[in-house]
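Per UniProt numbering, residue 1 is the first one in the sequence shown, and the count goes up by one each step. Quick reminder that beta carbons are idealized off the backbone N, C-alpha and C, glycines included. Being a predicted model, the structure only gives us computed values, none of them experimental. Comments concern the structure below.
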Amino acid sequence: MSRCYARKGRFAFPQVQERLNWCYEQSKRDDFADRLVDELYRKGVLLMRWHCAGDIYCPAYARKMLDVMVRSPHTSFWCYTRSWRVPTISLILKELSLVPNMKLWLSADAETGYPDEVPENARVAWMQTSVDEDVGDSDLVFLDHPLRKLTLPLHVLEKACPTETPEGKKKGTTCATCRYCWTE
């Protein structure tokens, strides 16, 4: 079973749930892309991750994302998605992966399996939930909390998010110092 961090911790607070629901409702508006493009420009946003919780929920929303990214070349975007399993969305993911200021990650785990097809320029992020899991050809491995303190095989550690490994923690590695998810 998938272990989504957005189902616990701070995400369980009513205020956070209200904000996530508000964001979802905003994404359904006809003027969503125009409003977001304007906000990114006005605020000088240089880097934006789509969805700290949630996913690409329909093709129309994926098209809005594409519109925003094409019209916001000053902003670098990245996104993790399990929606590669939805045929009508996976077609648009191929387009998203070709946008120069977008880094697309297909999220996979033991539940989803490894994608049969990975679009050009897209990468695969694997959520590892057990020590003996085969992470396949994944480009990045996120470790479930119980695994983060264990001694793991080198082939897993080489791909593990450095913010989640003992070595990375010792060095003080953060997303801001690593930058792998949006620059490589």
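Next on the checklist: Please tell me whether, using a cut-off of 7 Å, the distance from the CB of valine 99 to the nearest non-hydrogen atom of the ligand NAD is below it.
Outcome noted: Among the ligands in the structure shown, none appear at all, so the ligand NAD cannot be discussed.
Checklist entry - What is the residue span of the alpha helix (DSSP H) that serine 76 lies within? => result Serine 76 -> not in any alpha helix (DSSP H); beta strand (DSSP E) instead, spanning 76 to 81.
Item to check | Entirely enclosed beta strand (DSSP E) segments - the segment 10 to 68, minimum 3 residues | outcome: Secondary structure remark: continuous beta strand (DSSP E) runs of at least 3 residues inside the segment 10 to 68, in chain order: 47 to 50.
Item to check | Pick from Met65, Pro119, Arg42 that is closest to glutamine 26, judged by C-alpha positions | outcome: Ranked by Cα distance from glutamine 26, the options Met65, Pro119, Arg42 are led by Met65.
Next on the checklist: Which residues does DSSP list as the beta-bridge partners of valine 124?
Outcome noted: Valine 124 is bridged to Leu106.
Item to check | Pairwise C-alpha distance: serine 107 and glutamate 167 | outcome: Roughly 24 Å separates the two Cα atoms.
Checklist entry - Going by DSSP, what residues sit across from alanine 160 in a beta bridge? => result According to DSSP, which records beta bridges pairwise, alanine 160 is partnered with Val141.
Item to check | Whether valine 49 touches cysteine 79 by CB criterion (8 Å) | outcome: Here residue 49 is arginine; the residue named in the question, valine, does not match the sequence. Taking the C-beta atoms as reference points, cysteine 79 is found nearer than 8 Å to arginine 49.
Checklist entry - What residues in its chain sit with their C-beta under 6 Å from that of valine 99, if we drop five residues either side in the sequence? => result For valine 99, the CB contacts under 6 Å within the same chain, skipping 5 residues up- and downstream, are Met69 in chain order.
Checklist entry - Could you give the residue range of the alpha helix (DSSP H) that holds proline 87? => result 87 to 96 is the span of the alpha helix (DSSP H), which, as asked, contains proline 87.
Next on the checklist: If distances are taken between C-alpha atoms only, which option among Ala110, Asp67, Lys94 comes closest to leucine 36?
Outcome noted: Among Ala110, Asp67, Lys94, the Cα nearest to that of leucine 36 is on Asp67.
Checklist entry - Where do the ends of the alpha helix (DSSP H) carrying glycine 168 lie? => result Element bounds for glycine 168: 166 to 171.
Checklist entry - What residue does the alpha helix (DSSP H) around threonine 183 start on, and which one ends it? => result Here the alpha helix (DSSP H) through threonine 183 covers 180 to 183.
Checklist entry - So what's valine 70 in DSSP terms, helix, strand or just coil? => result In the structure shown, valine 70 sits in a helix (DSSP, three-state: H, G or I).
Checklist entry - On the three-state DSSP scale, how would you describe threonine 129? => result In the three-state reduction of the DSSP assignment, threonine 129 falls in the coil class, being assigned neither a helical nor a strand state.
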